[in-house]
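Here the sequence shown is numbered in the UniProt record's numbering, starting from 1 and rising by one per residue.
Quick notes on the structure that follows.
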Amino acid sequence: MIELKISLSIKNNILFDIKETCSAYLFFLKILNSCDPKITGFYGQGESLENALNNKLFSIDGYISSSAQIYLSERLPYATSLWDGNPDEAMSIIFAGVNNKTNIIIELERYKGIYDIEKLIKILTSIAENYTLNYFSVFFSNNENVFPERLNVGWVIYLPVNNIIVTTNECERIEYVNIGGNKGRLFIVKDVYNCLNETHRYASNDLEIELVDAGFLPLYKDI
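Written out as structure tokens, the structure is:
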């Protein structure tokens, strides 16, 4: 099954503060719900599906379970994965604290309502209004990186750089981002991206090579 993945990193490790962590999960739930109303809650893991569905931690109405802090505290500040409780079209969100940053990965089935460029820009904008981004990348599980040790370019990538020149004609849009403490460039390979289309995947690879040649696509270990 091909999945849509949103990978991002924000400055500061928010996972050392359990209240801030809970607020962040609720914040991301509301962002995702605004793009796909079917995403209405986050659940913890369980030994069985029934057990997991009885472990609802966050709800779109602002509800935070009394067990949420206990559940998260047992796992933080390393990595904690929650899901939306839909066994057929599941999405998951993972927070991982690394030094002075928080890495976040959101995985969704491709046909979720978030499969839309304007909704992805909305997600980026909402996050940028509240956090300082190290990067923001959207790609598919079948994307093949030219440089697997570097950030995945895929469909969309935001980098906090300004003095950047990209000559490839494969990038359909390059938008300047100036939101809160975030200033940089948003590269959109295609407005309508088909992960099964080789031409689109090759365009992603061309942009990836161009960014590496320009010295702007960092290694994962350096982010």
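Built from N, CA and C at the ideal position, the CB exists for glycine as well.
These figures come from a predicted structure and were not determined experimentally.
Span of the beta strand (DSSP E), counted from its first residue to its last, around residue i
i	result
I188	182 to 188
S66	Run containing S66: none; DSSP gives neither H nor E here.
R173	173 to 179
K101	101 to 109
G135	Looking at the sequence itself, residue 135 is Tyr, so the reference to Gly does not match. 133 to 140 is the extent of the beta strand (DSSP E) around Y135.
G97	92 to 98
Contacts around residue i, its chain only, beta-carbon distance under 6 Å, and the 5 residues preceding and following it disregarded
i	result
residue 232	There is simply no residue 232 to check, as the chain begins at 1 and stops at 223 in what is shown.
R150	L217, L219
S204	V153, G154, V189
P160	G184
M91	D84, L108
E89	E109
K119	C35
Whole-angstrom C-beta distance between residue j and residue i, which should lie under 8 Å
i	j	result
E107	K5	5 Å
N162	G184	7 Å
E175	L186	4 Å
F139	I2	The Cβ separation is near 11 Å, so there is no contact.
E208	V146	5 Å
Proximity below 8 Å, CB of residue i to CB of residue j
i	j	result
W155	V177	no
residue 227	G41	Nothing can be reported for residue 227, as the shown portion of the chain is limited to 1 through 223.
F95	L15	yes
L82	I93	yes
S7	I117	no
I70	C22	no
N99	N13	yes
P194	A128	According to the sequence shown, residue 194 is Asn rather than Pro. No.
D36	G113	yes
S137	I121	no
K221	T132	no
Start-to-end residues for the alpha helix (DSSP H) that takes in residue i
i	result
L120	117 to 128
V153	Careful: V153 lies outside any alpha helix (DSSP H) and carries neither H nor E.
A203	198 to 213
Contact set for residue i: own chain, Cβ-Cβ below 8 Å, skip 5 residues either direction
i	result
L49	P87
T125	I179
D191	I117, E172, R173
Nonlocal neighbours in the same chain, by C-beta distance under 7 Å from residue i, ignoring five residues either side
i	result
I60	L29, K30, N33, T40, G41
Y115	L4
Y78	A96, G97
S73	I18
N55	Y43, G44, G46
F58	Y25, L26, L29, G41, F42, I64, A68
N142	I2, C195
Check: residue i C-beta below 7 Å from any heavy atom of the ligand ATP
i	result
S204	The ligand content of the structure shown is nil, which means the ligand ATP is not present either.
Subject >> Whole runs of the beta strand (DSSP E) within the stretch 9 to 63, excluding any shorter than 3 residues >> reply: 41 to 43, 56 to 59
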